[in-house]
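Numbers in my numbering are just positions in the sequence shown, counted from 1, shifted up by 7. Ideal Cβ positions, reconstructed from N, Cα and C, are used throughout, including at glycine. These numbers were taken from a predicted model, which means no experiment stands behind them. Okay, structure first, notes after.
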Amino acid sequence: MVQNAKQKSRDYFNSHRKSRLAHSGYWRHDYRCQLEEIGRIRPDRLIDIGCGPGAFLSLVEENFPDIQLNALDLSEGMIRETRERLSSTAIATVGDSEKMPLESKQYQVVTCNMSIHHYPHPQNAVNEMFRILKPGGVLLLNDMDCIAPIRAVANCLFPKLPGGDVKMYGREEIEGMVRSAGFQKIQYRKISPFSFQCIAEKAR
């Protein structure tokens, strides 16, 4: 099940890396909310986990050209797209979010947009996000959020979808993962009828 979901995700996103919708970004409103927080924090170094074709990072680069941008994605095709659309200073890495090929304590901000519902072991991924953040760093986590009945139906359908979707997580599950990883000052808020933003800090 785990490897099947990951392989489905890799195959699907490799084949959809030139999609116009993917290239423009699926969740532009959510991106704006993430950009607001980045503007408040003003990090020197940021990484986007599950970066897709770099739609979000291209907006970060446009708005904050001084930030050193980094990216991680399971799909080789999406990493190629990200490298092509960002400046030559950006670093894009192929890798599994649940076992990142990245050094610890490297980034001031970790973003993850509409990706965690693809992870068979999301706690491992959140633990990794904590590990790669510098002390005092901030996690900006964004994903789908629906009322419980809709979420239950979606979770029944996910295994039948081609994109490797695994599970849509509720607020208590997300907050529990973030807290278990070691994060503090956790803020969870709805930013649209279908999505949330969770902001959490790593202690200094």
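Is the beta carbon of V116 sitting closer than 9 Å to the one on R52? yes
Who are F137's beta bridge partners in DSSP? For F137, which the question treats as bridged, DSSP gives no partner whatsoever.
Assign A210 to buried or exposed, taking buried as 16 or more other Cβ atoms, counted over all protein chains shown, within 10 Å of its Cβ. exposed
Residues bridged to S202 [DSSP beta-bridge criterion]: M151, S199
Exposed or buried, which one is H125 when buried takes at least 16 other CB atoms within 10 Å? buried
For S65, the nearest candidate out of Y38, R186, G171 (CA to CA): Y38
Can the beta-carbon of V185 be found less than 9 Å from the beta-carbon of V133? yes
Rounded to the nearest angstrom, what separates A62 and N70 at their Cα positions? 13 Å
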